[in-house]
Every structure is written in C-alpha cells, then in structure tokens.
Amino acid sequence: MASYDLVIVGAGPGGYVAALKAAHMGAKVCLVERDEVGGTCLNRGCIPTKALIASAELLGKIRRSSEFGIGTGEVSFDLPRIMQRKKEIVARQVQGIRHLLESNGIELVEGRGKLLSPNLVEIVRNGKRFGEVQASKVIVGTGSEPAKIPQFSVDDENVLTSNEALEIEDIPRDLVIVGGGVIGCEFAGLFSEMGCQVTIVDILPKLLGTLSNIEARVTIQLEMIFKRRGIKLLLGKKIEKIASQPDGMIISIEDENDLKAEKVLICVGRQLNSQGIGLEELGVKIERGGIAVNRQMETNVAGVYAIGDVTGKMQLAHVASAQGIVAAENCLGNESFLDYQTVPNCIFTTPEIAYVGLDREGAKKAGHKVRVGRFNFAFLGKAQIMGEAEGLVMIIAEEGTFRVLGMHIIGPHASDLIHEGALAVNQGLTTVDIAQTIHAHPTLSEILCEAARTVHDKAIHS
C-alpha cells in the first residue's frame, strides 16, 4: 500500500492548489480525482462560461460598431466554432495543471476517493475497488454540482442545468431561466446577446437575492439594464409546473399567464458533494449539507480537513484555492487562517458586478456609522471611449476614521477593479489613502479615486 504525507480527494481549484502548496513545502502528496483536474470551475463552470460570455460580448460590440465609426455589414456567429474555442481553452488549462502536478512530483490517481479512516482512502474506479492509499493527513475537496428541483426533471434536452447549457448545440428561440442568482444572471446575459428571448423567474423579489453584503443599488441597476436589453424579469413569482408540449415547454407561474419557451434552464444553486465518501461513517460533522470546519479548515475528526464548495462557506474558486493553501499549511504544521471578510465576489454579467467587504446595511448592523462615496462610469472618459458607460462605484467608509469597509461596482471590468477595494479592506486603508494615490488618466481606475473623494464631498468631476 502506498503511503503519503497528504492525500487530497478532489482535484478542483482547492485540491490541486493544496497539492502544489504541500509539494512546495516538501510533502509527498497523492491527489485523487474521479473526473478531470480543475474541477467544476475549469471544466463546467468559471472558465467555459466566461469563454462563452467573451464571445457573446464581442458579438454585441461588433453589432454596435457603427458607434465607433466602423461598418461591418450583417453580423453572424458560428456556434460550433465558439464551442470549440471554449473546449480548446479548457483543454490548455487542464494540460497546464497536469504538467504542474507532474513537475512537482504529485501522484495523480484517477478514481473516486472514499475515506475508510482518518488515514486511509479507498480508490474506486468504474464502480470497483481499485486500491487504497495511506496518509498522515487527508483533505476533502469534492466540490458541488448543479442543484435540481425534484418536481421539475432535467431531461438534458429541453430542461437543462448549467452543465447542459455549456454544451448546447443551438441557441433557443426563447429561454426561461429558473433562478435569478449569479449563474442565472450570467447565462441570461449570454443567451440574450446571442439573440435569444430570455425570461428570468425567481421566487425572491430581486435579482441576486441570495447574496449577502451586496449593495441594493447595484442589483437595482442590474435589473434596469436587463430590462433595457429585453430580458424579462418575473421576480417574487413561484413556478408551479413545467410541462413539455410538441412545440416547446409550458411554464405555469403563480398569478401569471403561462409562459411558452423552447427550453428551460434550472439555475437554483449548487448541491454539495459530501455524501457517499465515508464521512458519515467517520463521524465527520455535516451542517446543511456542507462539511463543518474550523478556521484551520480541519473537521471535528482530527487529521481530516475539508476545502472548497463542499464546506458550504463561499462557493468561489478563489476561496477554494485560498482554503487549499490554508489547509495544506496546517496539515504540515504551519498555523494558518483565512479571513472571509476580504474576499472579492465577481459576477460576470454585462456589465460586470464585483464587491468586497460590507454594504451599508451590514456595516450599520456591525455598529459602524458610515459615509458613502459614489461615482458613475458615465462621467469617466475611459468608459466613454470604450462605449461602456453604464454603472457606478460605491465605497462604504467608517465615519470619522474613513476606513474602507466595503466597495461595490457595477460596470466595465468590475472584476479587475475590485482588487483595489479588496486591498483597502484587507489592510485597513482609508478613502484618504485611495484619494491621495494618483490614478493614471485615462483609465477606468480613476473612478475609484473619484468615488473615494466623494466620501469627503471633494470629487473633482462632479
């Protein structure tokens, strides 16, 4: 039986990063994966969806090329080529990770890992026992999968989850998206840009309603932008029935006329993969489907750690990677913790949304008196040049100290801009620090400087 310092079950963005970190620290590491390295994020999530969104956004910009003085004639797209590009990007990333694992001496074992004890993992391949590996410590990073609504069966053809949507062969004429969360909103923008009539139905009264610490003004603006682009919103509405007919799908909605659509996309969150991997037998504590862990990412069973989506904390790839580093360091004797208050959240709608830290309501609940700075992209030269002037930046600062408590952005390249806010929140910087830092002109980053100045009623361009 092979023996290792560390066995990691799951090679997603948490697992493979934990493996690399541990290897860099001199550990002998075994990484067990039943599918492909990179996990959901690389194979069926972050990377493929953003590849498709990039194609859709470019299509939209070409269609608006006359605004830039450029004529293009009739614009069309080649969906098979778009899908092929997506697959090529994923394949290159997968190959890169495999090369990293090999070059760092990490043993990659294909199969499903099941914990037999805190130090013993069984490998199951094609439903049959393949072998066992032994380790001083074990990290579980088995991720999540799209959640389904029991009464609405997914048939892979007309009622889809995000997995099937990423492999779609034709853009539907019309699409009903069940769920107005992050995944639903990203797919809404993608399909709408490619000529599909999209309707979002959500039982909650606003888009992104399950997210905490996001400014209400940001979600309100997203709703306004979606409506202007022809995306229909039925919020605060309950779906009662989804039925198939020869000419498409019928969606029955409480207190609304029935909807007809070619396809239905179920986007109601993700289900954590904590079952059937030996945790119950070991007595590992499970809370609301997620593996309970402490600040060091260790479970209640000594020597067993958990990271990523399966912990039920924050279902973000970059959080999983950070947790993987923390877990690896603690497994190998270095004390390490993770601060979830400074994690940037990014939503790849068009325009993008990003936020970090607290919103106004959260800051007040935490006992802070706040001042708010706000600046619109419409007043920014670079945004006008790009033809992407929708959106705003909000900075939540503590009154008196002007310490940055939170930053919220909806607008072009929000996912890139937010990291100045993350640094400010993480390091306890103030709006004075941001305002006194010279930001190059003309750049999108100038909006952060101006938003910081508005906290002090000293914005130059307002």
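Just so you know, we're using this note's numbering here: the sequence shown kicks off at 270 and counts up by one.
Ideal Cβ positions, reconstructed from N, Cα and C, are used throughout, including at glycine.
Residue i to residue j span [Cα, whole Å]
i, j, result
"alanine 291", "glutamate 604", "14 angstroms"
"glycine 283", "isoleucine 729", "43 angstroms"
"lysine 532", "glutamate 433", "11 angstroms"
"alanine 683", "glycine 338", "26 angstroms"
"leucine 548", "cysteine 600", "18 angstroms"
"aspartate 304", "serine 590", "18 angstroms"
"phenylalanine 346", "arginine 354", "13 angstroms"
"threonine 619", "threonine 430", "21 angstroms"
"leucine 384", "glutamate 719", "53 angstroms"
"glutamate 668", "threonine 700", "11 angstroms"
"alanine 404", "alanine 575", "15 angstroms"
"isoleucine 452", "valine 588", "17 angstroms"
"glutamate 357", "aspartate 726", "49 angstroms"
"valine 378", "methionine 352", "29 angstroms"
Opposing strand residues paired with residue i [DSSP bridges]
i, result
"arginine 672", "Thr699"
"glycine 382", "Ile392"
"valine 662", "Phe644 and Ile678"
"isoleucine 594", "DSSP output for isoleucine 594 lists no bridge partner at all."
"threonine 468", "Val445 and Lys501"
"asparagine 432", "Answer is none; asparagine 432 lacks a bridge partner."
Residue i vs residue j beta-carbon contact at 8 angstroms
i, j, result
"isoleucine 392", "valine 407", "no"
"leucine 504", "glycine 448", "no"
"valine 579", "leucine 541", "yes"
"glycine 365", "valine 301", "no"
"leucine 502", "glutamate 509", "no"
"leucine 717", "histidine 708", "yes"
Buried/exposed call for residue i, threshold 16 Cβ in 10 Å
i, result
"asparagine 233", "Outside the modelled stretch of the chain, which goes from 270 to 731, sits residue 233, for which no answer is possible."
"glycine 464", "exposed"
"aspartate 524", "exposed"
"valine 422", "Going by the sequence as given, residue 422 is serine instead of valine. Exposed: under 16 other Cβ atoms inside 10 Å."
"lysine 651", "buried"
"arginine 398", "exposed"
"glutamate 436", "exposed"
"leucine 674", "buried"
"histidine 710", "exposed"
"phenylalanine 606", "exposed"
"proline 317", "buried"
"asparagine 312", "buried"
Spatially closest choice to residue i from the options, by CA coordinates
i, options, result
"methionine 663", "Lys651, Phe671 and Asn645", "Asn645"
"cysteine 310", "Gly577, Leu649 and Lys638", "Gly577"
"proline 419", "Val428, Thr411 and Gly412", "Val428"
"lysine 634", "Gly342, Leu585 and Asn482", "Asn482"
"cysteine 299", "Pro317, Ala280, Cys315 and Ile316", "Ala280"
"lysine 529", "Ser714, Pro349 and Leu444", "Leu444"
"alanine 288", "Arg350, Arg367 and Leu607", "Arg367"
"glycine 656", "Lys330, Met294, Gly308 and Gly295", "Lys330"
"glycine 538", "Cys454, Gly499 and Ile522", "Cys454"
"valine 641", "Val625, Gln705, Ala666 and Gly410", "Ala666"
"aspartate 628", "Cys615, Gly593, Met676 and Phe671", "Met676"
"glutamate 371", "Ser324, Val306 and Gly410", "Val306"
Any non-hydrogen atom of the ligand PLP closer than 7 angstroms to residue i Cβ
i, result
"isoleucine 446", "Ligands are entirely absent from the displayed structure, and the ligand PLP is therefore not among its contents."
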